[in-house]
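This report refers to the structure that appears directly beneath it.
2 protein chains.
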Amino acid sequence: MIEHITWIGDPRKGHLRLLDQTKLPGETVNLDCTTVQDVWDAIKRLSVRGAPAIGIAAAYGCVIGVQKVQEMDAHATGSEGVRHALEVAATYLAKSRPTAVNLFWALDRMRRVEPCTPERLLEEARRIHEEDAAMCRKIGEYALGIMEGLRVGHPRAESGANGVGVLTHCNAGALATGGIGTATAGMYLAHERGLPLRVFADETRPLLQGARLTAWELGQAGIDVTLVCDSMAAQVMREGKVAMVIVGADRIAANGDAANKIGTYGVAIHAKHHGIPFYVAAPCSTFDLSLKTGGLIPIEERAAEEITLGFGKRTAPEAVKTYSPAFDVTPASLITAIITDKGVIEPVDEANVQRVVGG
Amino acid sequence: MIEHITWIGDPRKGHLRLLDQTKLPGETVNLDCTTVQDVWDAIKRLSVRGAPAIGIAAAYGCVIGVQKVQEMDAHATGSEGVRHALEVAATYLAKSRPTAVNLFWALDRMRRVEPCTPERLLEEARRIHEEDAAMCRKIGEYALGIMEGLRVGHPRAESGANGVGVLTHCNAGALATGGIGTATAGMYLAHERGLPLRVFADETRPLLQGARLTAWELGQAGIDVTLVCDSMAAQVMREGKVAMVIVGADRIAANGDAANKIGTYGVAIHAKHHGIPFYVAAPCSTFDLSLKTGGLIPIEERAAEEITLGFGKRTAPEAVKTYSPAFDVTPASLITAIITDKGVIEPVDEANVQRVVGG
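Here is the structure:
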C-alpha cells in the first residue's frame, strides 16, 4: 500500500509528509510540509488531490498551525492563543480548494476538538485518516464480493488469461484517499487474497489521471494493469476482455445519478451496449440527497489549454475553440449498482439510495 | 481550399511541393521534393498521409523519377531508358508505405502510360489528382443532401445557435485526399453554400489527427469547429449539440462493416444511444468485397510509446503495459448509411452494398 500522507514525528515538533502527485509517474518525490502555507500550497497545486485525501492533509495542516504558538507559550496548552491559531489555520486552509466538500468537513471536525492541544489535534487528524482507510476497506469488501460472483457467473470473467477483467476510468484510487481508494478498493483486496485480476485503466483525457496515477499506483502494488486510451475502451469490451467496469464518483443525487470525471458517462453507455455490468464505488458522504436528480449537479467547464497544451506541447491550432466539461453525469439507469461503505445499492433508485444512505 | 499537393513548373524541370503535415498545426511548412528519394521520405515520415493523398504524391514522384534520364538523353523521349527509370522509381516508391492500397494502384496506373514521356506522365498524375478531387465533391454532394434534410427534419439540428451540429473523428479531410476530403466533403460544401454548420472534432488519441489536422484544416477554411477530447463526445451528444456523426473509413467489408481509426466504434455506440444518425463517407475504392464481414479485417496493434510518450513527454509509468489497437470495426448495424461517390447505401446491408459498389 502506498503511504502518501504521513505524519512524521511528535505532535509538537513533527510535520506532514506528502507524496507530490504532480511529479508522478516520472518521479517519486516527497514534499515535507512544515508550515500551514506548505500544506495550502500542496493542496492548491494538486500535489495532494482527491476529496478524502485533501480533507486528511488539511486536518494534519491544523496540527502544524498550532505548533508555533505552543513553542512560544509552553504552558498555554488549550489556551485561547492555541484556539485562535487553529482558527487562523483552518480558515486559511479552507480557501485552498473552495469547492472541496470533504475539506470543510475535516476542518470543522478539527475545530471541535477539546481540549485544543497539539496532541488531541493530531489524534483527531489520525482518526479522520484511519476512518477513511476503514471506509475504503468496507467498499472493497463489497466490491470483492461482486468480483467473486462475476468470476463464477460471468463467461467474460475468465476470458482474459490473467483473471477477471476490470475497466476503470480516472483515479478513484489510493492516491485520492487515506486508504485503498474507492473504485480501486476491490482490486487491492482481490490482489491481497489471490483472486486473479486484470485491470484496464483509461488514460482519462484531458488531465491523464488514469495514465499518471491509476496505472502507477496499481503497478506499484503489483496488480496487473494495462493502460488504454479512452477511445479504446469500447474495443476492449468488444473483445471480451472486461467482465465489469468500476469507477468512482464526485457527487451522487438522491435518485442515484452519479457525477464523475468526464468520459465516465460514455464508458457506461459502452458497458450497457456490451452487456457488461457498470459499478460506481463511493462512500455515503458522496451522496447529496438534497439533489433529486443528476440534472441539478452543476458541470464546471475547464480551460482550453488542458486540451490544446495538455502535454507541455501544443497539439492543436492556436485559436481553436474547445469545449471541455470537467464532469458528466451517468444516469442511474446505466448503473448496475452503487457500492458504498454501508452496503450495495441495487437496483439503483431513490428508494434503495434512501434505504442504504438516508437516515 | 488547402492546396497541399502541388506540381511546380514544367514536366521536365518541375518538382513536387507538399505541405509538411508533421509540422501541423504549429507551422505551415512546404516541402519541395526534387528527387524520388525526397518523395519517398515524405511518404515514409507521414509528411503526406491519407490513402488517396499518398497515391497522388507517388504519381507525381514518378514524373520526377524520369527527369534525370531525360536531361541526360534529350532525344530519348519514350526510350527504354525512360521506361526503366519509371520502373525503378515506381518500385522504390511502392516500398514507402507497404500497406497503402492506393499507392500501388496509382503506381500501376503510371506504369501503363503510353508514350512514356514526362509530359504524359505528369498529365496522368494530374488526372489521378483531379479524379480524386471530383470523387470527394461527389461524396460531398450526397452528404450535403443528408445535412439539408437533417436541418429541416431533425429537432437537434437547430439546437446549436451556429447551425447543424456535426461530429467527426480522426481526419478523413482535405489533408488526406486530393480534394475536400471524404468525411469533411459535405462540411466544405455546406460552408461554400451558406448552410450554417457547427463541427465538433474529436482529438483522436493516440496520434491526435483530429486536433492536429481536422481542427486545423476546417479552421483554415473558416468553418466553425470545436475541438473536444474523445471522452467528451458522449456528453456533447447528450447536450443535443450534434445532429449527425460523419466519419471516414479505411476498409469496408461486403456487408458494410467499416474499419476506421480506433474510437470510431465507440462513437457509433454513443450515436445509437442518443438516436443520432451515424454516417460513413468513403469512395467505392474503400470497399473490399472479398471480405464477407468486418471480422475478417485484420487490426494492427501499435507501439506503447504512442500512448505513453505521445506528446514528447512521458505521461505514464515507465514499464506500464499498454494495449493499442490502431483501428476498430463498426458493424453495419450501427451505421445509418454509407455515403460513396456512386450514391448512398441505406440501409447498410450486403444487397445495398452490392447494388451501389458492385459490378
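Read top to bottom, the protein sequences are chains W and A.
Each residue of the first sequence is one higher than the one before, starting from 102 at the first, in our numbering.
Each residue of the second sequence is one higher than the one before, starting from 102 at the first, in our numbering.
Backbone N, C-alpha and C fix where the C-beta goes; we use that ideal spot for every residue, glycine too.
Consult DSSP for residue i and reduce its assignment to one of helix, strand or coil.
i	result
W:ASP133	strand
W:LEU314	helix
W:PRO426	strand
W:GLU406	helix
W:THR305	coil
W:PRO378	coil
A:LEU119	strand
W:ILE229	helix
A:THR431	strand
W:ASP389	strand
A:ILE144	helix
W:VAL49	With chain W covering 102 to 460 only, the question about residue 49 of chain W has no answer from this structure.
A:THR200	coil
A:GLY264	coil
W:ALA191	helix
W:GLY162	helix
A:VAL445	strand
W:ILE400	coil
A:ALA420	coil
W:ILE155	helix
A:ILE109	strand
W:ILE240	helix
Quick one: list the residues of chain A neighbouring residue i, beta-carbon separation under 7 Å, in chain order.
i	result
W:ILE363	SER332, MET333 and GLN336
W:HIS374	ILE370
Compare the C-alpha of residue i against each of the options and name the closest.
i	options	result
W:ALA235	W:ILE370, W:THR283, W:TYR380 and W:ASN203	W:THR283
A:ILE144	A:PHE301, A:GLY182, A:VAL189 and A:ASN203	A:ASN203
W:GLY320	W:ALA334, W:ALA302 and W:SER332	W:ALA302
A:PHE379	A:ILE446, A:ASP133 and A:LEU125	A:ILE446
W:ILE377	W:ARG227, W:ARG294, W:LEU435 and W:TYR161	W:LEU435
W:ARG228	W:LYS239, W:ALA207, W:GLY246 and W:ARG238	W:ALA207
W:ASP325	W:THR365, W:GLU304 and W:VAL300	W:VAL300
W:CYS217	W:PRO199, W:ASP331 and W:GLN168	W:GLN168
W:ILE400	W:LEU245, W:ILE109, W:ILE363 and W:ALA438	W:ILE363
W:LEU142	W:LEU194, W:HIS105 and W:GLU419	Rather than Leu, the amino acid found at residue 142 of chain W in this sequence is Asp. Minimum Cα distance to W:ASP142 is reached at W:LEU194.
A:LEU119	A:TRP317, A:ARG113 and A:ALA154	A:ALA154
A:THR437	A:ARG415, A:ALA452, A:ALA369 and A:GLU407	A:ALA369
W:LEU484	W:ALA312, W:HIS230, W:THR441 and W:GLU242	No statement about residue 484 of chain W is possible, as the shown extent of chain W runs from 102 to 460 and does not include it.
W:GLY264	W:THR200, W:GLY250 and W:LEU276	W:GLY250
W:GLU128	W:LYS443, W:ILE353 and W:LEU314	W:LEU314
A:HIS270	A:ASP351, A:THR123 and A:THR441	A:ASP351
A:VAL449	A:ASP358, A:THR192 and A:ILE157	A:ASP358
At 9 Å on the CB atoms, spell out the chain W contacts of residue i, in chain order.
i	result
A:ARG339	TYR366, ASP429 and VAL430
Here's the rule I'm using: 16 or more other beta-carbon atoms within 10 Å means buried, otherwise exposed. How should residue i be labelled?
i	result
W:MET102	exposed
A:SER148	buried
W:VAL337	buried
W:SER425	buried
A:PHE388	buried
A:ASP133	exposed
W:SER391	exposed
W:HIS185	exposed
A:ALA258	Here A:ALA258 scores only 45 on pLDDT, less than 50, and its place in the model should not be relied on; the value that follows carries that caveat. Classification of A:ALA258: buried, given that the 10 Å Cβ count is 16 or more.
A:ALA404	exposed
W:GLU318	buried
W:GLU225	buried
W:ALA262	Because the pLDDT at W:ALA262 is just 48, under 50, the model does not fix this residue reliably, and the value given afterwards should be weighed accordingly. When all chains shown are included, W:ALA262 counts as exposed.
A:ARG294	exposed
W:ILE109	exposed
A:ASN272	buried
A:ARG456	exposed
W:LYS114	exposed
So which residues of chain W does residue i contact, with C-beta pairs closer than 7 Å?
i	result
A:HIS371	GLY367 and ILE370
A:THR418	Inspection of the sequence shows that residue 418 of chain A is occupied by Pro rather than by Thr. Chain W residues near A:PRO418: PRO126, ALA316, TRP317 and GLY320.
A:ALA312	THR416 and ALA417
In chain W, which residues lie with their C-beta within 8 Å of the C-beta of residue i?
i	result
A:SER425	VAL329, CYS330 and MET333
A:PRO307	CYS330
Determine the chain A residues that contact residue i at a beta-carbon separation under 8 Å, and present them in chain order.
i	result
W:VAL326	VAL421 and LYS422
W:GLU304	ARG306, ILE408, THR416 and ALA417
Cβ of residue i less than 8 Å from any chain C Cβ?
i	result
A:GLY282	Although the question refers to chain C, the structure presented lacks it and instead comprises the protein chains W and A.
For residue i, go through chain A and note every residue whose CB falls closer than 9 Å to its CB, in chain order.
i	result
W:PHE379	Going along chain A, no residue has its Cβ under 9 Å from W:PHE379, so there is no contact; the nearest lies around 13 Å.
W:PHE388	In chain order: nothing, as chain A lies at least about 22 Å away.
Would you check whether the ligand ATP has a heavy atom nearer than 7 Å to the C-beta of residue i?
i	result
A:THR409	The ligand content of the structure shown is nil, which means the ligand ATP is not present either.
Fill in: Any alpha helix (DSSP H) of 4 or more consecutive residues that is wholly inside the region 320-387 of chain A
You should have 334-339 and 365-374.
Worksheet entry | Segments assigned alpha helix (DSSP H), at least 4 residues, entirely inside the region 267-306 of chain A | Counting whole runs of 4 or more residues, the region 267-306 of chain A contains the alpha helix (DSSP H) stretches 286-293.
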